[in-house]
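**Student:** Sharing a structure here in C-alpha cells format.
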Amino acid sequence: MNKLSSFYSKLRIKHKMFLLISFILMVFSVGGLTILQNAFHVYNQEIYRHSSQSLRISSKSIENELKKMEMISYQVVADISIQKYLGDLKSNSSKYQQFLMGVDIRKRLLDIGALDQYVDSIQAYDLDNEEFASGNKTVMVSRERLDDMAMKTATKLGGVEWFVPSNEDNSLIVGRQIRSYLNFTLKPIGLVFVRIDIEDIIEDFYDNLTQKETQLAIFDENGRQVYPVDTELPSYFLTKIEDSKGYNIIKEDGKDYFITYRPAQHTKWTYMIVTPYSNLFETIHWVKMGVIGLYLVMFIVLVLIGMRVVTGITRPIESLNKKMLRVKTGGFRYSDCDNDTFFMDESGEMHSNFKKMMDQINFLIEENYRKQLVIKDTEFRALQAQINPHFLYNTLEAINWSAKASGHDRISKMADSLGKILQAAVNTKEPMIVLEEELSIVNNYITIQKYRFQERLSVQVDIDSSIKNNMVPKFSLQPIVENSIKYGLQKNIGVCNIAIVGRRLKDKIVITVDDDGPGMDDVFLRNLEEGNYKPKGSGIGLKNIDERIRLLFGEEYGLKVRSKLNEGTKVIISLPYKGGEDHVQSTTSG
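So in this note's numbering the end of the sequence shown lands on 600, straight run, no missing numbers.
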C-alpha cells in the first residue's frame with residue numbers, strides 16, 4: 011500500500027487526472043449498469059405478475075363455463091320429464107310409444123341446453139344403453155368407451171365425473187348417473203354426458219395463445235392432460251409448481267421455460283401457460299446487450315476526450331513551472347524566452363499574472379517597507395493619543411476632595427463611587443473577579459443612581475454569603491442592573507423596585523435581577539434572545555454577557571430573560587459554583 015501511495019504521489023498531474031476521470035467514469039458505468047439491471051429485474055417481475063394475473067382471470071372465466079356445464083348436466087338429471095321418460099320407457103311395450111318418448115327426451119335435452127354456445131351435444135342413455143342425443147355435434151361412442159364411462163360415473167353416485175379428450179373423441183365430457191327420485195328409490199335409470207367444445211372456450215377466454223410458441227395446458231387432479239387435445243405437454247411441468255408465487259422459470263432439455271400456473275378451486279384442475287423464455291425476453295436481452303455496448307463505446311470516447319482536455323489544462327501549468335524554474339536560477343526579472351500562446355482562461359491568466367508579479371516584485375518590497383514605516387508611526391501616534399485612565403482617576407479624586415472641602419457630600423460620594431468603578435475597570439486586568447468585588451462595583455453604581463433618582467429607586471440585595479467568594483466574569487452583573495434601572499424607570503412614574511438575589515443550587519450559583527418595570531412584549535423579548543437588539547449608547551448588551559459566560563464556562567451556563575408586558579423583567583444568570591476555575595483556566599490559557 012505504501013508503494014502504491016508513493017507511486018501515485020510521483021505521478022504527473024495529467025496522469026492523476028486521467029486516473030480520476032477513468033475512475034469516475036467506471037463508477038458511473040458500474041452504477042448505471044447496476045441500476046439498469048435492477049430496473050430490468052423489476053420489469054421482469056411485473057411481467058411475471060401480470061402473466062399470473064391474466065391466467066387467473068382467464069382460468070376463472072373458464073371455470074365459470076365448466077360450472078355452467080355441470081349445472082346443465084344436473085338439470086338433465088333433475089328434470090322431471092327426463093326422470094319420467096326414462097322410468098317409463100321400458101315399461102311400455104309399444105315401440106311407437108317408445109319412439110315418441112325418445113323424441114320427447116331429445117326435445118327436452120334441446121330445451122335444457124344442447125344448443126348452448128360451448129355444448130357439442132347432450133347424450134342420454136337408458137339402462138339398455140339406448141342413446142338419446144341432441145346438439146350440434148353428436149358422436150357415436152364405442153361400446154367399450156361407453157362401458158368405461160358408465161362404470162366411472164356409477165362410482166360418483168349421481169355426482170360429476172369428468173372425461174378428458176382423446177384422439178378418438180376430442181370433446182371434454184362431464185357425466186352423471188341419472189337416479190330416480192320420483193319414487194325416492196334413487197335407483198339408476200340412465201346416464202347423461204354433456205360434450206363440451208373446450209377449444210372454443212379457450213379461444214374465447216384466453217387471447218395470449220396467438221403469441222409465438224405460447225402453450226396453455228390444463229391438467230386434472232390426477233395429472234391427466236385436459237387441454238390441448240392434439241398436443242401432449244410433458245407432465246414434468248407439474249412438478250415445478252411447488253410454491254404459491256404463480257410462476258416459475260425452469261430448465262429442461264437445455265432450454266429455459268417460463269411457466270405461469272394456477273390451481274382451480276372448483277374442479278381442482280391446474281391451469282398452466284408455458285412460454286420459451288428466450289422468446290418472451292429476447293427483446294429485453296438485446297436491449298441489455300445494446301446498452302452494455304453503448305456504455306463501452308461511451309467510456310472509450312469519454313476517456314479519449316478527457317485525456318485531450320487534461321492535456322490542454324496541464325500543458326500551460328507545465329510551461330509555467332519551467333518558467334518558474336528559470337526564475338529560480340536567476341534574478342526576479344521575468345524572461346519570456348518561449349513563444350507559447352495560451353487561451354486567456356485560468357491558465358493563461360496564471361502566465362500573465364506571473365509576468366506582472368515578477369515585474370512588480372521589487373516595487374512590492376519597497377512598498378512593503380514604506381508601509382511598515384507608516385504603521386510604526388501610526389502606532390506611536392495612537393499611543394500618544396490615548397487618554398491615561400490613571401490621570402482621569404486622579405482628576406476624580408481631586409473633584410472628590412474639592413467637594414468634601416466645600417461641603418458638597420453628594421457630589422463627593424458620586425465622584426468617589428465613579429472613581430471606584432473606573433479604578434476597578436483599570437486595575438483589574440483578569441477576566442474573572444470574585445462576586446464580592448462585582449457587588450462592590452454594583453453598589454458604587456447604585457449609589458450614583460440613587461443620588462440621581464432619589465426615592466424613585468429602591469434596590470434590595472440578598473446574596474448568600476457562601477457564594478460571595480465565587481468567581482464571576484468582570485462587569486457581568488453591573489450592566490444588568492444598569493438596564494433594570496434604565497428601562498425600569500423609563501415608563502414608570504412611581505418607585506422602581508429592583509431585587510438582586512444570589513443562591514447556590516447544587517453545583518451552580520444562580521443570580522437573579524428582578525424589577526417591576528414595564529416589562530417587554532414577546533417580539534422584543536424574542537429579538538433580545540436572538541441578539542437582534544442593539545443596546546442604546548455604548549452599553550454592554552445582554553447577548554454579549556451571555557456569550558462571555560458560555561465561552562468561559564460552557565453551554566450549560568449563561569443568561570436567560572423572563573419578561574411580560576406590564577409585569578416586570580427577571581434576568582437569570584447561572585454560573586458554576588466556585589467559579590469553575592479549572593474550566594476558565596483552560597479557556598484563557600488556550
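Built from N, CA and C at the ideal position, the CB exists for glycine as well.
#1: Considering ILE211, what are the terminal residues of the beta strand (DSSP E) in which it resides?
#2: Give every residue of the same chain whose Cβ lies closer than 8 Å to the Cβ of ILE90, excluding the five residues on either side of it in the sequence, and list them in chain order.
#3: Can you list, in chain order, the stretches of the beta strand (DSSP E) that have 3 or more residues and sit fully within the segment 94 to 163?
#4: What do you reckon, are the CB atoms on ILE582 and LYS574 nearer than 8 Å?
#5: With H, G and I counted as helix, E and B as strand and the rest as coil, what does DSSP make of ALA274?
#6: ASP126 and ILE82 - do their beta-carbons sit closer together than 8 Å?
#7: Run through DSSP, which three-state label would PHE173 get?
#8: Would you mind working out which of VAL204, GLY145, MET150, VAL149 sits nearest THR163, comparing C-alpha positions?
#9: Check each candidate in ARG116, ILE228, LEU182 and name the one with the smallest Cα separation from PRO273.
#10: Would you kindly work out how many angstroms separate the C-alpha atoms of SER131 and ASN146, rounded to a whole number?
#11: Helix, strand or coil for GLU623? Go by DSSP, reduced to three states.
#12: Quick check on DSSP: helix, strand or coil for ARG391?
#13: Closest to SER61 by CA distance: which of GLY200, GLY168, GLN225, PHE534 is it?
#14: By Cβ distance, which residues of its chain are closer than 7 Å to PRO483, with the 5 residues on each side in sequence left out?
#15: PHE28 to TYR305, Cα distance in whole Å?
#16: Out of GLY551, SER104, LYS580, PRO586, which one is the CA nearest neighbour of GLY564?
#17: Residue range of the alpha helix (DSSP H) that PHE563 falls in?
#18: Can you have a look at GLU448 and say buried or exposed, based on whether 16 or more other CB atoms are within 10 angstroms of its CB?
#19: Return the first residue and the last residue of the alpha helix (DSSP H) that TYR497 is part of.
#20: For MET299, I'd like the list of residues in its chain whose CB is within less than 6 Å of its CB, leaving aside the five on either flank, ordered along the chain.
#21: TYR624: which of GLY322, GLY233, SER450 sits nearest, CA to CA?
#22: Does GLY169 pass the burial test, meaning 16 or more other C-beta atoms within 10 Å, or should it be called exposed?
#23: What is the residue span of the alpha helix (DSSP H) that ASP3 lies within?
#24: Go ahead and pull the three-state DSSP assignment for MET334.
#25: Applying the 10 Å Cβ sphere with the 16-neighbour rule, what's the burial state of LYS333?
#26: How is the beta strand (DSSP E) around GLN235 delimited, first residue to last?
#27: Out of THR241, VAL184, ASP266, which has the shortest C-alpha to C-alpha gap to GLU75?
#28: Tell whether a beta-carbon distance below 8 Å holds between THR579 and SER450.
#29: Classify LEU314: buried if its beta carbon has 16 or more other beta carbons within 10 angstroms, exposed otherwise.
#30: Starting from the C-beta of ASN398, find all residues in its chain whose C-beta is less than 6 Å away, skip the five residues before and the five after it, and write them out in chain order.
#31: Where does VAL491 land, buried or exposed, given buried means 16+ other C-beta within 10 angstroms?
**Tutor:** Judging by the given coordinates:
#1: Mapped onto the sequence shown, residue 211 falls at position 201. That residue, ILE211, is in no beta strand (DSSP E); its alpha helix (DSSP H) goes 208 to 215.
#2: Locating residue 90 in the sequence shown gives position 80, where the first residue counts as 1. Excluding residues within five positions, the ones whose Cβ falls inside 8 Å are LEU192.
#3: 129 to 135, 141 to 145
#4: Position 572 of the sequence shown, counted from the start, is the residue given in the question as residue 582. Position 564 of the sequence shown, counted from the start, is the residue given in the question as residue 574. No, the Cβ-Cβ distance between ILE582 and LYS574 is not below 8 Å.
#5: Locating residue 274 in the sequence shown gives position 264, counting from the first residue. Three-state DSSP puts ALA274 in coil, outside helix and strand.
#6: The residue given as residue 82 occupies position 72 in the sequence shown. The residue given as residue 126 occupies position 116 in the sequence shown. Closer than 8 Å, so yes.
#7: On the sequence shown, position 163 is the one that residue 173 refers to. Looking at PHE173 - three-state DSSP - the assignment turns out to be strand.
#8: As a position in the sequence shown, residue 163 is number 153, starting the count at 1. Of the listed residues, the one whose Cα sits closest to THR163 is VAL204.
#9: For this step, residue 273 is matched to residue 263 along the sequence shown. Of the listed residues, the one whose Cα sits closest to PRO273 is ILE228.
#10: Counting from one through the sequence shown, the residue named residue 131 turns up at place 121. Counting from one through the sequence shown, the residue named residue 146 turns up at place 136. If I take the Cα positions, the gap works out to 6 Å.
#11: Not covered by the structure: residue 623. The range shown for the chain is 11 to 600.
#12: Within the sequence shown, the letter at position 381 stands for residue 391. For ARG391, the predicted structure reports a pLDDT of 45, less than 50, and the residue's modelled location is therefore unreliable. A value from the coordinates is still provided. Helix at ARG391.
#13: Working through the sequence shown from its first residue, we reach residue 61 at position 51. Considering only alpha carbons, the answer is GLN225.
#14: For the purposes of this step, residue 483 is identified with residue 473 of the sequence shown, where counting begins at 1. PRO441, MET442, ARG558, ILE559, LEU562, listed in sequence order.
#15: Residue mapping note: residue 28 aligns to position 18 of the sequence shown, counting from 1. Residue mapping note: residue 305 aligns to position 295 of the sequence shown, counting from 1. Each residue's alpha carbon lies about 18 Å from the other.
#16: On the sequence shown, position 554 is the one that residue 564 refers to. Closest option to GLY564, Cα to Cα, is PRO586.
#17: By one-based count along the sequence shown, residue 563 stands at place 553. Element bounds for PHE563: 552 to 563.
#18: Your numbering for residue 448 matches position 438 in the sequence shown. By the neighbour-count rule (16 or more Cβ atoms within 10 Å), GLU448 is buried.
#19: In the sequence shown, the residue the question calls residue 497 occupies position 487. Per DSSP, TYR497 belongs to the alpha helix (DSSP H) from 488 to 498.
#20: Mapped onto the sequence shown, residue 299 falls at position 289. Nothing meets the Cβ criterion.
#21: The requested residue 624 is not part of the displayed model; the chain covers only 11 to 600.
#22: Indexing the sequence shown from 1 puts residue 169 at position 159. Exposed, by the Cβ-count rule.
#23: Since the first residue of the chain shown is 11 and the last is 600, residue 3 is not available in this structure.
#24: Translated into the one-based positions of the sequence shown, residue 334 becomes position 324. Helix at MET334.
#25: Mapped onto the sequence shown, residue 333 falls at position 323. Burial call: buried.
#26: For the purposes of this step, residue 235 is taken as the residue at position 225 of the sequence shown. Run containing GLN235: 235 to 237, per the beta strand (DSSP E) assignment.
#27: Within the sequence shown, the letter at position 65 stands for residue 75. Selected option, being the one with the closest Cα: VAL184.
#28: On the sequence shown, position 569 is the one that residue 579 refers to. On the sequence shown, position 440 is the one that residue 450 refers to. Contact: no.
#29: Start at 1 with the first residue of the sequence shown, and residue 314 comes out as number 304. LEU314 comes out exposed.
#30: As a working note, residue 398 is residue 388 in the sequence shown. In this prediction, ASN398 has a pLDDT of 45, which is less than 50 and means its spatial position is unreliable; what the coordinates show is noted afterwards. If we look at ASN398 and ignore the five residues flanking it on each side, it has no Cβ neighbours.
#31: Along the sequence shown, read from residue 1 onward, the residue named residue 491 stands at position 481. The residue in question, VAL491, is buried, as its Cβ has 16 or more Cβ neighbours within 10 Å.
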